[in-house]
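In what follows, a single structure is set out as structure tokens and then discussed.
There are 2 protein chains.
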Amino acid sequence: MNTFAPLRVGFIGLGTMGLPMARNIARAGFPLTVSSRTLAKAEELAREFRGGKAHVAAARRPSDVATASDVIVSCVPDAPEVEEIHLGPAGTIRNARPGTVVVDCSTIAPSAARSIAARLEEAEVKFLDAPVSGGQKGAVEGTLTFFVGGEESAIERARPVFEAMGKRLTHLGPSGSGQLGKATNQVIVAGNLLAVAEGIAFAEAAGLPLAALHQALTAGAANSWALETLGKKMLDRDFLPAFAVKHQQKDLAIVLETARKNGIPLPGVALVHQLLSALEAAGEGDKGTQALLTLYEKLSPAARRATS
Amino acid sequence: MNTFAPLRVGFIGLGTMGLPMARNIARAGFPLTVSSRTLAKAEELAREFRGGKAHVAAARRPSDVATASDVIVSCVPDAPEVEEIHLGPAGTIRNARPGTVVVDCSTIAPSAARSIAARLEEAEVKFLDAPVSGGQKGAVEGTLTFFVGGEESAIERARPVFEAMGKRLTHLGPSGSGQLGKATNQVIVAGNLLAVAEGIAFAEAAGLPLAALHQALTAGAANSWALETLGKKMLDRDFLPAFAVKHQQKDLAIVLETARKNGIPLPGVALVHQLLSALEAAGEGDKGTQALLTLYEKLSPAARRATS
Numbered sequence: 019m020n021t022f023a024p025l026r027v028g029f030i031g032l033g034t035m036g037l038p039m040a041r042n043i044a045r046a047g048f049p050l051t052v053s054s055r056t057l058a059k060a061e062e063l064a065r066e067f068r069g070g071k072a073h074v075a076a077a078r079r080p081s082d083v084a085t086a087s088d089v090i091v092s093c094v095p096d097a098p099e100v101e102e103i104h105l106g107p108a109g110t111i112r113n114a115r116p117g118t119v120v121v122d123c124s125t126i127a128p129s130a131a132r133s134i135a136a137r138l139e140e141a142e143v144k145f146l147d148a149p150v151s152g153g154q155k156g157a158v159e160g161t162l163t164f165f166v167g168g169e170e171s172a173i174e175r176a177r178p179v180f181e182a183m184g185k186r187l188t189h190l191g192p193s194g195s196g197q198l199g200k201a202t203n204q205v206i207v208a209g210n211l212l213a214v215a216e217g218i219a220f221a222e223a224a225g226l227p228l229a230a231l232h233q234a235l236t237a238g239a240a241n242s243w244a245l246e247t248l249g250k251k252m253l254d255r256d257f258l259p260a261f262a263v264k265h266q267q268k269d270l271a272i273v274l275e276t277a278r279k280n281g282i283p284l285p286g287v288a289l290v291h292q293l294l295s296a297l298e299a300a301g302e303g304d305k306g307t308q309a310l311l312t313l314y315e316k317l318s319p320a321a322r323r324a325t326s
Numbered sequence: 019m020n021t022f023a024p025l026r027v028g029f030i031g032l033g034t035m036g037l038p039m040a041r042n043i044a045r046a047g048f049p050l051t052v053s054s055r056t057l058a059k060a061e062e063l064a065r066e067f068r069g070g071k072a073h074v075a076a077a078r079r080p081s082d083v084a085t086a087s088d089v090i091v092s093c094v095p096d097a098p099e100v101e102e103i104h105l106g107p108a109g110t111i112r113n114a115r116p117g118t119v120v121v122d123c124s125t126i127a128p129s130a131a132r133s134i135a136a137r138l139e140e141a142e143v144k145f146l147d148a149p150v151s152g153g154q155k156g157a158v159e160g161t162l163t164f165f166v167g168g169e170e171s172a173i174e175r176a177r178p179v180f181e182a183m184g185k186r187l188t189h190l191g192p193s194g195s196g197q198l199g200k201a202t203n204q205v206i207v208a209g210n211l212l213a214v215a216e217g218i219a220f221a222e223a224a225g226l227p228l229a230a231l232h233q234a235l236t237a238g239a240a241n242s243w244a245l246e247t248l249g250k251k252m253l254d255r256d257f258l259p260a261f262a263v264k265h266q267q268k269d270l271a272i273v274l275e276t277a278r279k280n281g282i283p284l285p286g287v288a289l290v291h292q293l294l295s296a297l298e299a300a301g302e303g304d305k306g307t308q309a310l311l312t313l314y315e316k317l318s319p320a321a322r323r324a325t326s
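Chains A and B are the protein sequences, given in the same order.
Using this note's numbering, read the first sequence as starting at 19 and increasing by one per residue.
Using this note's numbering, read the second sequence as starting at 19 and increasing by one per residue.
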């Protein structure tokens, strides 16, 4: 392997997060081969860069991506998709050469990440679990944070690719540790969401002036990213998804399953998971997580009056 | 009343918060009369300023403070003490002249604040409920945030005194509104505390490197004052009280009582209240609220192993 030739990069999964991440890799000058469940998406991205300095090729199958890549980034919805694109009949493992590094940015169970890493290791392919924080905004702006599990040498090989997509990488230990870090992030995100929803519901029911109160609260010990960002959206009655309830629920299910395996009870997360289940049952799973406020409003005539 | 003469200020309750607040009023140049449950404390503060430019006098009873003051600040543990110092046999109401403004910085139930305001109004004394956020650090540095309920004209009369003690005042409405604002603050503070304790307990049980993880988490959507400040103390195993469990519990009891009256259910706050009750039952009510982490560690052999 000639380490002086430019790193050839593959990208699999051109969704809300994956598409802007792949764009940033191409812009950084890496020869890029992309594939997605829908071939047209990959072809469209290739067309987007045609004629420019960057070289982007569309591939039909993950195994074709592997043929053309030294580092393969994947970003798909959940563990079954990660298994399919790497270990399935048309998976990267079919054609990946020894030493290839897979950077999986999907959020999946830590146990699934460990098992996929072990299967790829049999083909001498190095797997990094590298789930991200920062949302679509971070993906577009190239400011994602990566929680990474796996071997240090594989991280060093893929580092230029990480740098094209984000601004911070934290290596937390062996395979699965990145997912455990992301799960910790989701534990705290869930609790902060609960805090803001209950705070604003309480203030609504009390008839307080919300804008002035929000400003005072963000200046003190109650402040959080959630209060600033989701709290503002609650006040603006903006329930569009930056992060949808159903996606939060997938992540909290992973958290609760992992917590049980590790012998740690998390009653707060369990409560948020149940409240969001009620929101899903009301048909609001596609809304942003800040819609949790509306569940409290459904439960409380006083809060409902304040907003009508 | 000559509004060109310097405002004469009274201060009642020289505890952890009150003592540094009173000092800042004296330093700002207001003639100050102070009293506390223990007369010696008031005399000590008067001695501290003797010979300097500021004039501080100790008074035996709240009614003596009222004789000498245009604005009276009070800062005591709970509603019974607020009632005693203002409405009791030696209360300020005995000697306060019409137009006197009482600024009560204690955290008490909104309903209690409204009832005390109504009683003082009978003597034409204006009552402002003005609970604070910012802790002892904010009291010492004069950077407190005030949540204020009451009449605008009374706030304007007392504004120079507020400015001596803090950096932000938010007027939220009529009597009781300040307490409702502070209660909202405590709803969110409680939820953020739960989030951080569960996150760190989860990470401990998972065997993650806590310092690196904490740094990564504070850079993203999980961040909060609680994660930065209380999270750091949890990692340092520093459970000394900046804000004690028993004081958080007093405030959450007010929140839950008020929420019920206002018809808004707060399952998250109720959970935190119960978890902190368990901590109190274990004899740890005097520790800082960040000791909530240790409750999770008691429940989880995995988290306990990680810290031993």
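Virtual Cβ for every residue (Gly too), placed ideally from N, Cα, C.
Item to check | Close beta carbons around threonine 188 of chain B, own chain, < 8 Å, minus the five adjacent residues each side | outcome: Non-local beta-carbon contacts of threonine 188 of chain B in its own chain, meaning distances under 8 Å to residues more than five positions away in sequence, involve Thr163, Phe164, Phe165, Val166 and Gly199 in chain order.
Checklist entry - Is leucine 311 of chain B helix, strand or coil when you go by DSSP? => result Leucine 311 of chain B falls in the helix class under three-state DSSP.
Item to check | Residue burial classification, alanine 321 of chain A (beta-carbon count within 10 angstroms, cutoff 16) | outcome: Alanine 321 of chain A should be labelled buried.
Checklist entry - Is it buried or exposed for threonine 56 of chain A, if we count other Cβ within 10 angstroms and need 16 for buried? => result Label assigned to threonine 56 of chain A: exposed.
Checklist entry - Between the Cα of valine 273 of chain A and the Cα atoms of B:Leu294, B:Lys316 and B:Ala219, which residue gives the shortest distance? => result Ranking B:Leu294, B:Lys316 and B:Ala219 by Cα distance to valine 273 of chain A puts B:Ala219 first.
Next on the checklist: Please report the distance separating the alpha-carbon of asparagine 203 of chain A from that of arginine 68 of chain A.
Outcome noted: Asparagine 203 of chain A and arginine 68 of chain A: Cα-Cα distance of roughly 38 Å.
Checklist entry - So alanine 176 of chain A packs on valine 119 of chain A, CB below 8 Å; how close in whole Å? => result Contact flag correct, Cβ pair sits at about 5 Å.
Next on the checklist: Which of the three DSSP states is assigned to leucine 284 of chain B in this structure?
Outcome noted: Here leucine 284 of chain B sits in coil by DSSP.
Checklist entry - At which residue ranges does the region 119-185 of chain B contain complete beta strand (DSSP E) runs of 3 or more residues, listed in the order of the chain? => result If we require 3 residues or more, the beta strand (DSSP E) runs fully inside the region 119-185 of chain B come out as 119-122, 144-147 and 162-167.
Checklist entry - Helix, strand or coil: which one does DSSP assign to asparagine 20 of chain A? => result With a pLDDT of 48 at asparagine 20 of chain A, under the threshold of 50, the modelled position of this residue cannot be trusted; read the value that follows with caution. Asparagine 20 of chain A: coil per DSSP, three-state reduction.
Checklist entry - Got a sec: is the Cβ-Cβ distance from valine 121 of chain B to anything in chain A below 8 Å? => result For valine 121 of chain B, the nearest beta carbon of chain A is not closer than 8 Å to its own beta carbon.
Checklist entry - Hey, quick one: how far does the alpha helix (DSSP H) through serine 195 of chain B stretch, first residue to last? => result Boundaries of the alpha helix (DSSP H) harbouring serine 195 of chain B: 195-224, taken from the DSSP string.
Next on the checklist: Would valine 27 of chain A and serine 87 of chain A qualify as a contact pair, given that the criterion is a beta-carbon distance under 8 Å?
Outcome noted: It is a contact, given that the beta carbons lie within the stated cut-off.
Next on the checklist: If you reduce the DSSP assignment to three classes, tell me which class serine 53 of chain B lands in.
Outcome noted: Reduced to three states, the DSSP call for serine 53 of chain B is strand.
Next on the checklist: With a threshold of 8 Å between beta carbons, is serine 195 of chain B in contact with chain A?
Outcome noted: Yes, serine 195 of chain B counts as interfacial toward chain A.
Next on the checklist: Output needed in chain order: residues of the region 202-217 of chain B with a Cβ under 9 Å from some Cβ in chain A.
Outcome noted: Those would be Thr202, Asn203, Gln204, Val205, Ile206, Val207, Ala208, Gly209, Asn210, Leu211, Leu212, Ala213, Val214, Ala215, Glu216 and Gly217, in chain order.
Checklist entry - Does any CB atom of chain B fall closer than 8 Å to the CB of leucine 284 of chain A? => result Yes, leucine 284 of chain A lies at the interface with chain B (some Cβ there is under 8 Å from its Cβ).
Next on the checklist: Just to make sure I have the definition right: I need the residues of chain B whose C-beta is within less than 7 Å of the C-beta of phenylalanine 165 of chain A. Which are they?
Outcome noted: Under the 7 Å cutoff, chain B gives Ala234.
Next on the checklist: Below 8 Å, how does it come out for the region 277-287 of chain B and the region 240-259 of chain B: are there three or more Cβ pairs, yes or no?
Outcome noted: At 8 Å Cβ cutoff, the stretches do not touch.
Next on the checklist: Against asparagine 42 of chain A, what residues of chain B qualify as contacts under a CB-to-CB distance less than 7 Å, listed in chain order?
Outcome noted: Near asparagine 42 of chain A there are no residues of chain B at all, since even the closest Cβ is about 18 Å away, more than 7 Å.
Checklist entry - Can you give the beta carbon distance from alanine 130 of chain A to phenylalanine 145 of chain A, rounded, assuming they're within the 8 Å contact cut? => result Separation of the CB atoms of alanine 130 of chain A and phenylalanine 145 of chain A is rounded to 11 Å, and the pair is thereby denied contact status at 8 Å.
Next on the checklist: If we require 4 or more residues per run, which alpha helix (DSSP H) segments fall completely within the region 251-280 of chain B?
Outcome noted: Within the region 251-280 of chain B, the complete alpha helix (DSSP H) runs of at least 4 residues are 263-279.
Item to check | Cβ separation of leucine 50 of chain A and valine 74 of chain A, assumed to be a contact under 8 Å, to the nearest whole Å | outcome: Right, their Cβ atoms sit about 5 Å apart.
Item to check | contact_flag[the region 96-105 of chain A, the region 233-253 of chain A] where n(CB pairs < 8 Å) is 3 or more | outcome: Three or more beta-carbon pairs separated by less than 8 Å are not found between the region 96-105 of chain A and the region 233-253 of chain A, which leaves the two stretches without contact.
Next on the checklist: Taking 6 Å as the limit between beta carbons, can you name the residues of its chain near glutamate 142 of chain B, skipping five residues before and five after?
Outcome noted: Here the set comprises Pro116.
Next on the checklist: Assuming glutamate 298 of chain A and lysine 264 of chain A are in contact, meaning their beta carbons sit under 8 Å apart, how far apart are those beta carbons, in whole angstroms?
Outcome noted: Sure, about 7 Å apart at Cβ, within 8 Å.
Checklist entry - Ordered along the chain, which non-local residues of its own chain (more than five positions away) have a Cβ less than 8 Å from that of proline 24 of chain B? => result The beta carbon of proline 24 of chain B sits closer than 8 Å to the beta carbons of Gly47, Phe48 and Pro49 from its chain, once the five residues preceding and following it are set aside; these are given in chain order.
Item to check | Under 8 Å between C-beta atoms of alanine 262 of chain B and aspartate 304 of chain B | outcome: Taking a C-beta distance under 8 Å as the contact criterion, alanine 262 of chain B and aspartate 304 of chain B qualify as a contact pair.
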